[in-house]
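Residue numbers (the working numbering): 701 to 855.
Quick reminder that beta carbons are idealized off the backbone N, C-alpha and C, glycines included.
Remember, predicted model here, so these are calculated numbers, not experimental data.
Worksheet: the structure to be examined is printed underneath.
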């Protein structure tokens, strides 16, 4: 069993629920940075986790929900729920949505050299997420919605 597979002992837990709009992602980013700081992660590792979570949230908005929610839809829209957990040896962020889903672990990341070679303007998000965290897991259609779990070990 790898260190990421062990069940962590949770020291702190916080849930955020934000509308499916890019402008609200800063609330999640700041909360992730605060949690990482409390856990003692280096600034570099905290920034990696923050960027991975931000990219994952952007993918939820764009791919699972098909874009940002409108003002009219927002009051009834399920949005994004973020469960932030500090374990004894890791930070875990669960991102839950009720859109059509986006199975990130099955997505093949575009390596940066291929990205530059093709002059693509998109496609690095999956690469960033998979490279910047220690484990990525996805559960489709849980009772709480689709769940993307990002884990960063505290070394």
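Looking at C-alpha atoms only, which residue of 786, 754, 760 and 827 is the closest neighbour of residue 814?
Closest option to residue 814, Cα to Cα, is 827.
Just mark residue 797 as buried or exposed, buried being the case when its beta carbon has 16 or more other beta carbons within 10 Å.
It is buried - the Cβ of residue 797 has at least 16 other Cβ atoms within 10 Å.
Going by the beta-carbon positions, is the gap between residue 779 and residue 723 smaller than 9 Å?
Their beta carbons are not under 9 Å apart, which means residue 779 does not touch residue 723 by this criterion.
Put residue 827 into one of helix, strand or coil per three-state DSSP.
Three-state result, residue 827: helix.
Take residue 800 and list the residues in its own chain whose beta-carbon comes closer than 6 Å to its own, dropping the five residues that flank it on each side.
The answer, listed in chain order, is 764.
Cα separation between residue 811 and residue 786?
C-alpha separation (whole angstroms): 30 Å.
Per DSSP, residue 852 forms a beta bridge with which residues?
DSSP, once it has assigned bridges, lists 791 as partnering residue 852.
Of all the options 745, 756, 776 and 784, which has the alpha carbon lying nearest to the alpha carbon of residue 807?
Comparing Cα-Cα distances from residue 807 to each of 745, 756, 776 and 784, the minimum goes to 756.
Do residue 850 and residue 749 have their C-beta atoms within less than 9 Å of each other?
It is a contact, given that the beta carbons lie within the stated cut-off.
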